[in-house]
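Residue numbers for the sequence shown follow the numbering used here, so the first one is 20 and each next one is one higher. Quick reminder that beta carbons are idealized off the backbone N, C-alpha and C, glycines included.
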Amino acid sequence: MTKKNGSAFPMRSLLQPIKNRPSRLTIAILLVLYLIFVTFITYAAPRQPSKEDIVANWTLAELPQGNASIEQRLSWHFERAQYPGLENTHLAQASKILATQSTSRDAQFYLYFMARLKQHQHDFESALALLEQLLKADPNHVNARLLKASVLLITAQHNAASNQCKALFGKTDIFVASACILEVNSYQPEHLEKSYQKLSLLLNRFNLKGASSAQGETKIQLIWLLQMAADMTLRMDNPQDAQKWLQYFDLTQMPVSYLVLWADVMHQLGEYQQILATLGEIVSQAPYKDDALLMRLAMAEASVNDSSSNKQWKALAFNRVKLRVARQDVYHAADLARFYLHVEPNAEKAYFWAQKNYQLAKMPEDKALVEQAKSMGLAQSESDKGGQS
C-alpha cells in the first residue's frame, strides 16, 4: 500500500487512492483513485520521454466546469495531486474546498475526502476516526473500506486491514475484494509468495500483450494489478521480474507512486543512468520537484562513478533536505533518512529520521530504513575502532 505522498502515498500501497509516500511503497498504494478518477491513462512501452510528451500528458484532464458538484471538484483535485509536481497545488485546493463545507461535516463525501486528506498528512488516527464515522452511517461504502484497509496496513494492523477487505465481499466486485485480501496478506512474510502466486493467476485473465488496446475498467485493473505484482516481486528480491511487470506503461503518464516504484526497481538493477535520463527528464519538466522523485535521482547520481558529473540532483536534494530539517518535517522523514543513508551518509541523522518515520508508518520499507541506519552506525563504529587501534 502507496505512503506515500501526495503522497500519500508510501509503503507503496495500492489500496489507497493517491498516497505518494516517499517510501518504497510510500509507497510507496492507488486502487480507489484508479477505480474512480483515472480516465486518461494509455499504454506504451517505457521509453525516454520528450518535453512535449510530458506536458501533453499532464494537461489531458481539464478542470471541472463551474456547474460541477463539490464531490466532482474534490475528486478532480485528488486525482491530479498524484502526478509529478502537482500535489501541493491540488491538495491545497482540496483543503480549501473542504474548509468551506461547515454545514456538510456529517455528509459522506465530506468524511471520505477529509479522511483522504488526513491520510496524506500522515494523520492516520484522524483518518481512521473519520472513516469509522462514515462506515457507521454507510457500512456498504466500498471506497471507505478500501481506504481504511490501506491506513490499517500502513500502521501494521494486518488483521484489522484484512477484516476490511473481507467486508467487501458481497458489496463490490469479487475481483476487487480478492485483490484487497491478496495485497494485505502479502505484507505478512509467510504469505508473500503465495499471495504473489494467486495474483499471477488473476493476471492470467488479461491479455498483457494487448494491454495497449485495453479500455475502461479492464485498463484500470491492469494498471493496479501490474503495479501490485511488481511491488511483490521487488519485496521478494526479484527486481528483474518487477521490471517486466512495469514494461507496459508510458512513464510520462504515470503518477508519482508508480515512478517511485519504477526507480526503486531500476536502482536495484543498477540502472542508474537510465533513472537519470528517463526520470530526470520527467522531473525537470514538472512544475515542482517532488521530494520522493528528487531523492531517487540524487541516489542514482550518488551511485554513478563519474567525477565529471555536476551532481545537480544531489545539490537540489541537499537544499530540499535543509528546508525539511529546518521545519522538522516528519511528513518527509523517510526521504530524509534515505538522503543520509545513500546521498550524504550520516548514520546518526539517518537513524534519527528513520525512527521519526517509523513512529508514523510501519510498513516493511519503513522498518528497513531503521535497520539500514543501525547497520550503518555499527559499521561506522567498527571503522572508528579500527582507526584507533
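Apart from the five residues on each side of it in sequence, which residues of its chain come closer than 8 Å, Cβ to Cβ, to residue i?
i           : result
residue 310 : 41, 339, 343, 351 and 354
residue 390 : none
residue 114 : 136
residue 244 : 198, 218, 221, 222 and 225
residue 259 : 288
residue 93  : 113, 116, 117, 128 and 132
residue 78  : Per-residue confidence for residue 78 stands at a pLDDT of 42, beneath the threshold of 50, marking its modelled position as unreliable; no derived number is given.
Using 10 angstroms around the beta-carbon of residue i, count the other beta-carbons present and answer buried if the total reaches 16, otherwise exposed.
i           : result
residue 173 : buried
residue 193 : exposed
residue 223 : exposed
residue 157 : exposed
residue 256 : exposed
residue 45  : Unreliable placement is indicated for residue 45, whose pLDDT of 30 sits below 50; the coordinate value is still reported in the next sentence. Label assigned to residue 45: buried.
residue 238 : buried
residue 303 : exposed
residue 100 : buried
residue 87  : exposed
residue 385 : buried
residue 272 : buried
residue 186 : buried
residue 306 : exposed
residue 150 : buried
residue 397 : exposed
residue 70  : Because the pLDDT at residue 70 is just 43, under 50, the model does not fix this residue reliably, and the value given afterwards should be weighed accordingly. Residue 70 is exposed by the Cβ-count criterion.
Could you check which residue in the options has the C-alpha nearest to that of residue i?
i           : options               : result
residue 356 : 318, 368 and 345      : 368
residue 399 : 242, 366, 387 and 145 : 366
residue 336 : 323, 161 and 361      : 361
residue 130 : 102, 100, 164 and 106 : 164
residue 105 : 308, 183 and 346      : 308
residue 240 : 92, 382, 89 and 226   : 226
residue 317 : 305, 292 and 306      : 292
residue 189 : 159, 267, 122 and 175 : 159
residue 191 : 175, 289, 303 and 162 : 162
residue 208 : 229, 234 and 177      : 177
residue 349 : 324, 201 and 140      : 140
residue 154 : 394, 143, 126 and 330 : 126
residue 286 : 319, 110, 259 and 98  : 319
residue 143 : 384, 388 and 377      : 377
residue 242 : 267, 387, 325 and 330 : 267
residue 332 : 294, 278 and 228      : 294
residue 138 : 380, 397 and 388      : 380
residue 120 : 90, 216, 103 and 102  : 90
residue 334 : 363, 277 and 388      : 363
Quick test of your reading: residue i and residue j, contact by CB under 8 Å. State the CB separation rounded to the nearest angstrom.
i           : j           : result
residue 146 : residue 134 : 5 Å
residue 301 : residue 280 : About 14 Å; that fails the 8 Å criterion.
residue 282 : residue 254 : Going by Cβ atoms, the distance from residue 282 to residue 254 rounds to 16 Å, so no, they are not a contact pair.
residue 196 : residue 184 : 6 Å
residue 261 : residue 284 : 5 Å
residue 312 : residue 103 : 7 Å
For residue i, which beta-bridge partners are listed by DSSP?
i           : result
residue 191 : 188
Who are the Cβ neighbours of residue i in its own chain at under 6 Å, not counting the five residues just before and after it?
i           : result
residue 205 : 211, 214 and 251
residue 322 : 291
residue 359 : 365, 368 and 369
residue 109 : 96, 99 and 100
residue 112 : 96
residue 200 : 184
residue 56  : Bear in mind that the predicted position of residue 56 carries a pLDDT of just 34, short of 50, making it unreliable; the figure below should be weighed with that in mind. Hits under 6 Å: 94 and 98.
Note down, in chain order, each residue of its chain lying with its Cβ closer than 7 Å to the Cβ of residue i, except the 5 sequence neighbours on either side.
i           : result
residue 67  : Its pLDDT being 45, under 50, residue 67 is placed unreliably in this model, and the value from its coordinates should be taken loosely. Only 296, 297 and 300 meet the Cβ criterion.
residue 123 : 129
residue 180 : 168, 171, 172 and 203
residue 264 : 245, 248, 249 and 252
residue 392 : 356, 360, 366, 369, 370 and 373
residue 182 : none
residue 383 : 206 and 254
residue 375 : 349 and 352
residue 152 : 130
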